[in-house]
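So the protein lines, in turn, are chains X and B. Counted from 1, the first sequence has number 103 at position 103 by the UniProt record's numbering; the numbering is strictly sequential. Counted from 1, the second sequence has number 46 at position 46 by the UniProt record's numbering; the numbering is strictly sequential. Each residue gets a CB set at the ideal place from its N, CA and C atoms; glycine is no exception. No experiment lies behind these values; they were computed from the predicted model shown. Just below is one structure, and these are the notes that go with it.
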Amino acid sequence: MPIVPSDKHPEACISRTLIPAGEPSLTELKAGQTLRILDLEGNQAVDTLFFSAANPRERYDVQRTLRKQGQVYLSAGSVLWSNLGNPMLSIVADTCGRHDTLGGACAQESNTVRYALDKRYMHSCRDNFLRASLHDGRLSKADIGHNINFFMNVPVTAEGGLTFEDGISGAGKYVELLAHMDVIVLISNCPQLNNPCNGWNPTPAELLVWN
Amino acid sequence: MNELRTTLYETIVPGGGHTSFVLKRGQLLRLTDLEGGGNASVLLFNAAEKSERLNLPDSLKCQHTVKLTAGHCLYSDMGRVLAAITADSCGWHDSLGGVLNAAEVQEKYGQGRYQELRNGFFRNGADNLLVEMGKWDMRLQDLLMCLNLFSRVDVDADGCFRFATGNSRAGDYVELYAPMDTLVVLTALQHPMDPNPQYAPKPIGLTWQQVASDGISVLCRTSRPENGRGFHNTERLFI
Ligand SMILES: [Zn+2]
Numbered sequence: 001m002p003i004v005p006s007d008k009h010p011e012a013c014i015s016r017t018l019i020p021a022g023e024p025s026l027t028e029l030k031a032g033q034t035l036r037i038l039d040l041e042g043n044q045a046v047d048t049l050f051f052s053a054a055n056p057r058e059r060y061d062v063q064r065t066l067r068k069q070g071q072v073y074l075s076a077g078s079v080l081w082s083n084l085g086n087p088m089l090s091i092v093a094d095t096c097g098r099h100d101t102l103g104g105a106c107a108q109e110s111n112t113v114r115y116a117l118d119k120r121y122m123h124s125c126r127d128n129f130l131r132a133s134l135h136d137g138r139l140s141k142a143d144i145g146h147n148i149n150f151f152m153n154v155p156v157t158a159e160g161g162l163t164f165e166d167g168i169s170g171a172g173k174y175v176e177l178l179a180h181m182d183v184i185v186l187i188s189n190c191p192q193l194n195n196p197c198n199g200w201n202p203t204p205a206e207l208l209v210w211n
Numbered sequence: 001m002n003e004l005r006t007t008l009y010e011t012i013v014p015g016g017g018h019t020s021f022v023l024k025r026g027q028l029l030r031l032t033d034l035e036g037g038g039n040a041s042v043l044l045f046n047a048a049e050k051s052e053r054l055n056l057p058d059s060l061k062c063q064h065t066v067k068l069t070a071g072h073c074l075y076s077d078m079g080r081v082l083a084a085i086t087a088d089s090c091g092w093h094d095s096l097g098g099v100l101n102a103a104e105v106q107e108k109y110g111q112g113r114y115q116e117l118r119n120g121f122f123r124n125g126a127d128n129l130l131v132e133m134g135k136w137d138m139r140l141q142d143l144l145m146c147l148n149l150f151s152r153v154d155v156d157a158d159g160c161f162r163f164a165t166g167n168s169r170a171g172d173y174v175e176l177y178a179p180m181d182t183l184v185v186l187t188a189l190q191h192p193m194d195p196n197p198q199y200a201p202k203p204i205g206l207t208w209q210q211v212a213s214d215g216i217s218v219l220c221r222t223s224r225p226e227n228g229r230g231f232h233n234t235e236r237l238f239i
């Protein structure tokens with residue numbers, strides 16, 4: 001788990017945006033800009049999707065990304081590839097060291113399967129993705145593919161098991177991404193209360209952007 | 001269990017081929033690796049509402065697995081079971097590798113155009129799946145993570161991948177039972193991580209069977225409490 005701190009200073013950034021616990025966020029990043037996603041209080045899962053701003057049908061592709069890096073976890077040095085085979089962003093700094101891209105986003109429907117039928121009416125990441133997408137107008141349900149869970153730890157075992165672990169992130173840990181194209185960044189700051197992905201206590205995250 | 005089944009139809013998808021069809025509620029599809037070392041890249045959709053798609057992250061996290069085998073369910077984004085893996089002689093099917101696109105196939109195998117090779121030309125999984133999806137009026141956004149039947153990719157303690165050669169032998173099969181009308185889109189192409197540098201996709205046999213009782217799904221329904229709820233959600237479609 002490579003820990004690669006950033007040399008960027010918050011005073012020099014061009015924008016700071018707080019995402020309260022459980023809220024969506026839809027922002028844009030220009031090619032050459034750097035985005036820091038900051039886990040303010042620790043153990044938060046930041047569910048994130050990336051789209052080409054020029055062609056929102058081009059989006060982050062989990063299987064191509066994992067295959068090209070020959071590795072199941074994302075960390076500093078990972079390149080995020082698109083469904084059209086283009087590099088979208090690179091992780092250039094990371095003080096957490098591991099991020100999940102297999103667990104997907106929580107949804108009302110999957111909550112009924114994973115936890116209990118009566119968990120259906122709890123808030124979820126898919127609700128956030130849809131709300132932000134439909135207000136924005138460039139994205140719809142069909143565009144909501146399989147996301148990255150920044151700060152989430154989902155180890156794969158030698159037997160092919162998938163486990164959900166608490167806590168490799170902490171207050172003040174961050175990941176930084178350099179954009180290789182103009183991208184739409186769609187985030188759900190996960191409201192999940194049923195598993196340890198955010199320590200059973202969803203907390204705010206912050207976005208910082210540098211030119 | 002065989003006496004409860006009626007074979008409806010059988011066919012072979014040649015290496016490089018692609019097809020799509022609705023597997024009706026209560027039907028079983030047996031896929032057979034006819035020669036060994038085959039691979040079938042598969043997508044699933046709700047045939048009645050195709051915006052409902054196979055969601056591999058949900059399938060994996062609901063069952064705490066990245067390897068798929070008998071007893072596992074393949075979930076849609078709506079918490080329903082598009083198909084249940086009711087039998088499997090192979091033991092491990094891959095959820096990680098995805099499919100190559102045209103540029104990646106050319107990079108791996110070299111140029112193999114129709115102009116020179118006619119129907120032996122080098123096809124790619126992304127285009128093959130898109131062609132079939134287009135026939136049902138689906139689009140690029142619907143091409144999500146696919147399942148690679150008959151292939152196995154191991155993950156070591158550091159998270160690094162290793163393709164397992166010899167995972168599937170001639171005659172190995174896997175069976176998918178449909179508890180709802182499920183649109184199956186598939187192509188028979190080499191797994192992207194298969195180290196063989198030659199473009200040499202293998203044929204896959206398909207057998208459709210009518211199952212007289214849904215008892216065949218008991219293994220999947222009861223393998224985890226999650227799957228009981230997944231079947232519950234699926235059966236609500238038919239009330
Ligand atoms: Zn969530």
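Cross-chain neighbours of residue i in chain B, by beta carbon under 7 Å
i: X/T163; result: H64
i: X/Q63; result: L96, G97, G98, M145
i: X/G104; result: N55, P57, D58, K61
Check whether residue i and residue j have beta carbons under 8 Å apart
i: X/I19; j: X/E206; result: yes
i: B/G230; j: B/G26; result: no
i: X/D94; j: X/W81; result: no
i: X/N83; j: X/R59; result: yes
i: X/P56; j: X/L139; result: yes
i: B/Y177; j: B/A83; result: yes
i: B/L34; j: B/P203; result: yes
i: B/F150; j: B/N167; result: yes
i: B/D88; j: B/Y75; result: no
i: X/S124; j: X/A107; result: yes
i: X/I144; j: X/H99; result: no
i: B/L44; j: B/V184; result: yes
i: B/G98; j: X/R67; result: yes
i: X/M1; j: X/F50; result: no
i: B/W92; j: B/K61; result: no
i: X/I187; j: X/T48; result: yes
i: B/L31; j: B/V153; result: no
Contact set between residue i and chain B, taken where Cβ atoms lie within less than 9 Å
i: X/L117; result: R229, H232, N233
i: X/H146; result: N55, L56, P57, L144, M145
i: X/G97; result: Ordered by position in chain B, no residue passes the 9 Å Cβ test against X/G97, which lies about 11 Å from the chain.
i: X/P107; result: The identity of residue 107 of chain X in the sequence shown is Ala, whereas the question assumes Pro. Those are N55, D58, D77, M78, G79, listed as they occur along chain B.
i: X/A158; result: D154, V155, D156, A157
i: X/S169; result: Chain B residues near X/S169: none, gap ~17 Å exceeds 9 Å.
C-alpha gap between residue i and residue j, whole angstroms
i: X/V209; j: X/Y73; result: 24 Å
i: B/K50; j: B/M138; result: 8 Å
i: B/P14; j: B/N148; result: 16 Å
i: B/R113; j: B/F122; result: 7 Å
i: B/W136; j: X/D39; result: 43 Å
i: B/L237; j: B/V218; result: 19 Å
i: X/N43; j: B/G171; result: 47 Å
i: B/E107; j: B/L189; result: 16 Å
i: X/N30; j: X/P155; result: A quick correction: the sequence has Lys, not Asn, at residue 30 of chain X. Answer to the nearest angstrom: the Cα atoms are 32 Å apart.
i: B/S104; j: X/L134; result: Before going further, note that residue 104 of chain B is Glu rather than Ser in the sequence given. If I take the Cα positions, the gap works out to 33 Å.
i: residue 289 of chain X; j: X/S169; result: A question about residue 289 of chain X goes unanswered here, because the residues of chain X that appear run from 1 up to 211.
i: X/G161; j: B/G159; result: 12 Å
i: B/L129; j: B/N39; result: 14 Å
i: X/A12; j: B/P195; result: 47 Å
i: B/T7; j: B/L29; result: 10 Å
i: X/H180; j: X/T203; result: 29 Å
i: B/T65; j: X/T163; result: 8 Å
i: X/A158; j: B/V155; result: 6 Å
i: residue 284 of chain B; j: X/D136; result: Outside the modelled stretch of chain B, which goes from 1 to 239, sits residue 284 of chain B, for which no answer is possible.
i: X/A171; j: X/R114; result: 28 Å
Partners in chain B for residue i, counting only beta-carbon separations shorter than 8 Å
i: X/K141; result: S51
For residue i, the first and last residue of its enclosing beta strand (DSSP E)
i: X/L38; result: 34-39
i: X/T95; result: No beta strand (DSSP E) contains X/T95, which DSSP labels as neither H nor E.
i: X/V113; result: Unbroken run through X/V113 is the alpha helix (DSSP H), 108-114; no beta strand (DSSP E).
i: X/Y73; result: Counting along the chain, X/Y73 falls outside any beta strand (DSSP E), and DSSP gives it neither H nor E.
i: B/Q209; result: 204-211
i: X/P176; result: In the sequence on display, residue 176 of chain X carries Glu and not Pro. First-last of the beta strand (DSSP E) with X/E176: 173-179.
Proximal residues of chain X, C-beta to C-beta of residue i below 8 Å
i: B/A103; result: G85
i: B/F161; result: L66, R67, G70, Q71, V72
Neighbouring residues, chain X, relative to residue i (Cβ below 7 Å)
i: B/L219; result: Within chain X, no residue comes near B/L219; the closest Cβ sits about 17 Å away, beyond 7 Å.
i: B/K67; result: G160
i: B/E226; result: V113, R114
i: B/Q141; result: R57, A142, D143
Residues that residue i contacts on chain X, provided the C-beta gap is smaller than 9 Å
i: B/M193; result: R67, G70
i: residue 246 of chain B; result: What the structure shows of chain B is the stretch from 1 to 239, and residue 246 of chain B is not part of that stretch, so it cannot be assessed.
i: B/W92; result: G160
Residue i - containing alpha helix (DSSP H), residue span
i: B/D88; result: Here B/D88 belongs to no alpha helix (DSSP H); instead the beta strand (DSSP E) covers 81-88.
i: X/C125; result: 125-136
Check your reading: residues with Cβ closer than 7 Å to ligand 1 heavy atoms: Going by the Cβ distance cut-off, the answer is X/A45, X/D47, X/A105, X/C106, X/S124, X/C125, X/S188, X/C190, X/P191, X/Q192.
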